[in-house]
Amino acid sequence: MVLDEMVPYIERRVRESGKHARSVLRHMLGLFAGRPGARRYKRMLSGPMDVDLDVRALLTEAMRAIPDAVLHEPPPREDVSVCRT
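The sequence shown: position 45 = 107 (our numbering), numbered continuously.
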């Protein structure tokens, strides 16, 4: 799952840049926009965070807010309209 793949990436970015995990997590806030559990997921990722944040634990807890059916559904297809003139 994509969220599982994000953990090592976030940890590496924090280690290399010295920035807080929030600098990467903020880009993940809209991942489940409009889906069940999205508000709680977003609240968990945007709330207060310790400097020694356990990214894996935070993402695991945030994912619990999203129903399994949503977590495992394929990404939405973009509506590509062809304009014929």
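For glycine and all other residues, C-beta sits at the position ideal for the given N, C-alpha and C.
As the structure is a prediction and not an experimental result, all values here were calculated from the model.
In terms of residue numbering, what span does the alpha helix (DSSP H) encompassing residue i cover?
i	result
Pro136	Note, Pro136: premise wrong, no alpha helix (DSSP H); not H, not E.
Met125	Val117 to Met125
Pro98	Where Pro98 is concerned, there is no enclosing alpha helix (DSSP H), given that its DSSP letter is neither H nor E.
Met111	No alpha helix (DSSP H) contains Met111, which DSSP labels as neither H nor E.
Pro70	Val64 to Ser79
To the nearest angstrom, how far is it from the Cα of residue i to the Cα of residue j?
i	j	result
Leu133	Glu123	13 Å
Arg126	Asp66	13 Å
Ser108	Gly80	19 Å
Ala100	Arg88	14 Å
Leu93	Glu135	13 Å
Leu91	Ala119	16 Å
Leu115	Glu140	35 Å
Tyr71	Ser85	12 Å
Using alpha carbons as the reference points, say which of the options lies closest to residue i.
i	options	result
Pro138	Arg77, Arg97, Leu121 and Val117	Arg97
Met111	Met68, Ala83 and Glu140	Ala83
Val113	Val69, Val76 and Tyr71	Val76
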